[in-house]
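Trainee:
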Amino acid sequence: MEFPKKRNGSKIKSKWIGLRKRKTKIAGPPKITNFKISNVPVTNDDNGYDCDVENFDEHDVGTYDEDFVPKKQCYGINKEKELICWDKHNIDYCLIYAMKFNTFPSHCCFCNDEVITSFVWCKSCGPLSFYCHDCAYKIHKNTLFHSLVEVQVDGCNVKPFKVKSVLQTDHVKACTSAYSRTLTVISETGSTHQCQIYFCKCTEEFNTLVHLDLWPVTPIKPNTVISMNLLHLFVALQLEGKISFSSFCDGFSWKSGVVDHDLKRYLNRMTQTDSLDQFRHFRRQLTSLKTICPNYDGLEKCASCPKENGSIFYCFDANFGLVLKSSASKSKRLAMRSENLFILDEEVKTFMESYDDTLKTKDCSNFQAGNNLRSKRKTKKLSVTGVFGMSCRHEFPKLFLNMQHGERLGYAVLLLDQILNDTEKKRLDVHIIYDIACVLKSHLQKKNTFTKYQDFKFGIPVFHSYGHRGDCQVKNSIRRLDSFGLMDGELMERPLVISSIILKDYQGDDSSSPHGFT
1275 MEFPKKRNGS
1285 KIKSKWIGLR
1295 KRKTKIAGPP
1305 KITNFKISNV
1315 PVTNDDNGYD
1325 CDVENFDEHD
1335 VGTYDEDFVP
1345 KKQCYGINKE
1355 KELICWDKHN
1365 IDYCLIYAMK
1375 FNTFPSHCCF
1385 CNDEVITSFV
1395 WCKSCGPLSF
1405 YCHDCAYKIH
1415 KNTLFHSLVE
1425 VQVDGCNVKP
1435 FKVKSVLQTD
1445 HVKACTSAYS
1455 RTLTVISETG
1465 STHQCQIYFC
1475 KCTEEFNTLV
1485 HLDLWPVTPI
1495 KPNTVISMNL
1505 LHLFVALQLE
1515 GKISFSSFCD
1525 GFSWKSGVVD
1535 HDLKRYLNRM
1545 TQTDSLDQFR
1555 HFRRQLTSLK
1565 TICPNYDGLE
1575 KCASCPKENG
1585 SIFYCFDANF
1595 GLVLKSSASK
1605 SKRLAMRSEN
1615 LFILDEEVKT
1625 FMESYDDTLK
1635 TKDCSNFQAG
1645 NNLRSKRKTK
1655 KLSVTGVFGM
1665 SCRHEFPKLF
1675 LNMQHGERLG
1685 YAVLLLDQIL
1695 NDTEKKRLDV
1705 HIIYDIACVL
1715 KSHLQKKNTF
1725 TKYQDFKFGI
1735 PVFHSYGHRG
1745 DCQVKNSIRR
1755 LDSFGLMDGE
1765 LMERPLVISS
1775 IILKDYQGDD
1785 SSSPHGFT
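Each step along the sequence shown adds one to the number in our numbering, with nothing skipped, and position 324 is 1598.
Dropping the structure here:
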């Protein structure tokens, strides 16, 4: 017999919670489809069976659909079929790829003339782009940076087909003082080309190269230029994958499976100059719309923080992984954007020499990081022992400085003075989050300078508060203070970890200062 179809209604379970009634939907048993039982008598015995066991015959059971597969097994079966299909072809990859060379073209794909001795294959135009010599030269004279190969009809000889590329802007074409130079151009695919580029005496060579979407290795008489698209690719990979330019050059030189020493040599020249940093600065100007609106500073300041009134949060912290040895080479000038993100070392040194932060406190967090005396022995060979800075609650970097000692309280006081100057004429409620905010607050009170910052609210991050005494946690943890909300306060931990990884990858590039990551 065939059982009647059961209703899809669900059971509802009610439960009283206080004065309100809460209803919960109870899911029924799983549905089994394509299964029929016939010729089985139904009884109402008390033994709990639904059929007569004594008269049960296995031939009376209905048929089961063999094609039916539970949903939980569909993924495994499809995966098994996929692997079987891969195994079917995995020994023939090269043979399948080489089959297209069994029959060589007899006519040019552009002019349809018959190819007699040899043809030119352009890999950049497509897998079936076969030209005669005349068409290949005419097309690729103005279509630059394509990879051309000359192949004999019998397939016995394969060699590169060189087309001399000529690059010139409209201004140079009309200029009477034009001259040309042969430069090595690295395209976005990593191939090297010898191109004849025209310049003029009324315009700098750098300007002409930028108009041609090429970036020079050096601005003074460059012999090697790189496609901007290739550098855009590197910057995107560095931001996402945190790779150095040296690693990028090594990986790109292995693109074809055989290392290209010439390409590696050309690309490594950029690590010896400031060309890469200058390109990052140029890319930042493009993304920040500096050319369209010079006063626009949307990427320089946090867009979510209040500007005139409201609550603003600053998190202080230090990173002792960003160091600079005394024996390291000195930069000829500051890195890009250092004037916006870093306080000058001379200002920091002058302030720390005149500020006394050696007052002893008995707070719970008077550990070595805040001790000036014990850090001298450990920092003899370092000109920069770390980076101290602050960010807003949205993890946007605000201001940093290079430390010459341990994590002295004077560095935090210097940042407090900067915040005080920025918010002096604004109605902003300033919140300071620091690992040793209790020590800093007690230090300011003993120095009789706390009245300057009496409108500031100090707190300890959530996770760092567990390292403090119980009474300190109650007084200073941001979980127990008003107006701090539910933030964890570890706003500087994540940016500093990322900067440590990036600086590690910068080693071997052009980072001669700890704040070379811009």
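Idealized CB from N, CA, C, for every residue including glycine.
For my contact list, N1614 and E1574 are in at a C-beta cut-off of 8 Å; report their separation, rounded to the angstrom.
Mentor: 7 Å
Trainee: Three or more C-beta pairs closer than 8 Å, one from the region 1509 to 1522 and one from the region 1481 to 1489: is that the case here?
Mentor: Touching, no, given that fewer than three Cβ pairs across the two stretches are closer than 8 Å.
Trainee: May I have the straight-line CA-CA distance separating C1385 from T1561, to the nearest angstrom?
Mentor: Looking at the two C-alpha atoms, the distance is approximately 44 Å.
Trainee: Counting contacts by CB-CB distance shorter than 9 Å, is D1762 in contact with chain C?
Mentor: The chain inventory of the structure shown lacks chain C, comprising one protein chain alone.
Trainee: Spell out a yes or no on whether the region 1741 to 1756 and the region 1678 to 1695 are touching, meaning 3 or more CB-CB pairs, one atom from each, closer than 8 Å.
Mentor: no
Trainee: M1502 bridges to which residues according to DSSP?
Mentor: Its beta-bridge partners do not exist; DSSP assigns none.
Trainee: Say whether the region 1658 to 1672 touches the region 1542 to 1554, bearing in mind that this needs 3 or more beta-carbon pairs closer than 8 Å, one atom from each stretch.
Mentor: Three or more beta-carbon pairs separated by less than 8 Å are not found between the region 1658 to 1672 and the region 1542 to 1554, which leaves the two stretches without contact.
Trainee: If you draw a straight line from the alpha carbon of I1500 to that of D1729, how long is it in whole angstroms?
Mentor: 54 Å
Trainee: Residues bridged to Y1685 by DSSP?
Mentor: Here Y1685 is not bridged, per DSSP, to any residue.
Trainee: Taking the beta carbon of I1358 as the centre, do at least 16 other beta carbons fall within 10 Å, making it buried, or is it exposed?
Mentor: When all chains shown are included, I1358 counts as exposed.
Trainee: Give me the Cα-Cα distance between Y1727 and F1670, rounded to the nearest whole angstrom.
Mentor: 23 Å
Trainee: Which residue marks the beginning of the beta strand (DSSP E) containing V1491, and which one marks its end?
Mentor: Counting along the chain, V1491 falls outside any beta strand (DSSP E), and DSSP gives it neither H nor E.
Trainee: Quick one: what's got a C-beta closer than 6 Å to T1492's C-beta in the same chain, skipping five residues either side?
Mentor: T1547
Trainee: Residues in its own chain within less than 8 Å of K1599 by CB, not counting five upstream and five downstream?
Mentor: So the list reads K1655, L1656 and S1657, once near-sequence residues are dropped.
Trainee: Do N1676 and C1712 count as a contact pair if the criterion is CB distance below 9 Å?
Mentor: no
Trainee: Which value, in whole angstroms, describes the spacing of the CA atoms of S1392 and P1379?
Mentor: The alpha-carbon atoms of S1392 and P1379 are separated by roughly 10 Å.
Trainee: Taking only the alpha-carbon atoms, compute the straight-line gap between N1646 and D1703 and give it to the nearest angstrom.
Mentor: Since pLDDT at N1646 reaches only 47, below the 50 mark, its modelled position is unreliable, and the value read off the structure follows with that caveat. For N1646 and D1703, the distance between alpha carbons rounds to 31 Å.
Trainee: Can you grab the Cα-Cα spacing for the pair D1334 / Y1349, in whole Å?
Mentor: Here D1334 scores only 47 on pLDDT, less than 50, and its place in the model should not be relied on; the value that follows carries that caveat. Straight across, the Cα-Cα distance linking D1334 with Y1349 is about 34 Å.
Trainee: What does the Cβ neighbour count give for M1373, buried or exposed, with the cut at 16 atoms within 10 Å?
Mentor: M1373 comes out exposed.
Trainee: Would you kindly check if the distance between the Cβ of L1760 and the Cβ of D1591 is under 9 Å?
Mentor: no
Trainee: Can you tell me the Cα-Cα spacing of L1690 and I1566, whole angstroms?
Mentor: Going by C-alpha positions, L1690 is about 35 Å away from I1566.
Trainee: Of the choices K1436, C1579, H1679 and P1580, whose alpha-carbon is the least far from that of V1622?
Mentor: H1679
Trainee: State the Cα-Cα distance for the pair D1428 and S1439, rounded to the nearest angstrom.
Mentor: About 29 Å.
Trainee: From the DSSP output, in three-state form, read off Y1629 for me.
Mentor: Here DSSP, grouped into helix, strand and coil, assigns Y1629 to coil.
Trainee: Between the beta-carbon of L1441 and the beta-carbon of L1418, is there less than 9 Å?
Mentor: yes
Trainee: From F1758 to H1705, what distance separates their C-alpha atoms?
Mentor: 8 Å
Trainee: Leaving out five residues before and five after D1534 in sequence, what residues of the same chain have Cβ atoms less than 7 Å from its Cβ?
Mentor: S1527
Trainee: Using alpha carbons as the reference points, say which of L1718, C1406, F1435 and K1353 lies closest to H1467.
Mentor: F1435
Trainee: Between Q1470 and S1451, which are expected to be in contact by the criterion C-beta below 8 Å, what is the C-beta distance as a whole number of angstroms?
Mentor: Actually they do not touch by this definition, with Cβ atoms about 17 Å apart.
Trainee: Considering only the alpha carbon of each residue, which of R1557, V1748, I1752 and V1687 lies closest to F1724?
Mentor: Selected option, being the one with the closest Cα: V1687.
Trainee: Using 10 angstroms around the beta-carbon of L1683, count the other beta-carbons present and answer buried if the total reaches 16, otherwise exposed.
Mentor: buried
Trainee: Out of I1710, A1577, S1601 and F1732, point me to the one whose CA is closest to K1672's CA.
Mentor: Scanning I1710, A1577, S1601 and F1732 for the CA closest to the CA of K1672 turns up A1577.
Trainee: CA-CA distance, D1551 and L1513?
Mentor: 14 Å
Trainee: Kindly indicate the opening and closing residues of the beta strand (DSSP E) around I1706.
Mentor: R1701 to I1707
Trainee: Rounded to a whole number of angstroms, what is the C-alpha to C-alpha distance between R1558 and L1504?
Mentor: 16 Å
Trainee: Relative to the alpha-carbon of F1823, which residue among N1431, K1397, G1763 and W1360 has its alpha-carbon at the smallest distance?
Mentor: Given that the chain is displayed from residue 1275 to residue 1792, the structure contains no residue 1823 and the question cannot be resolved.
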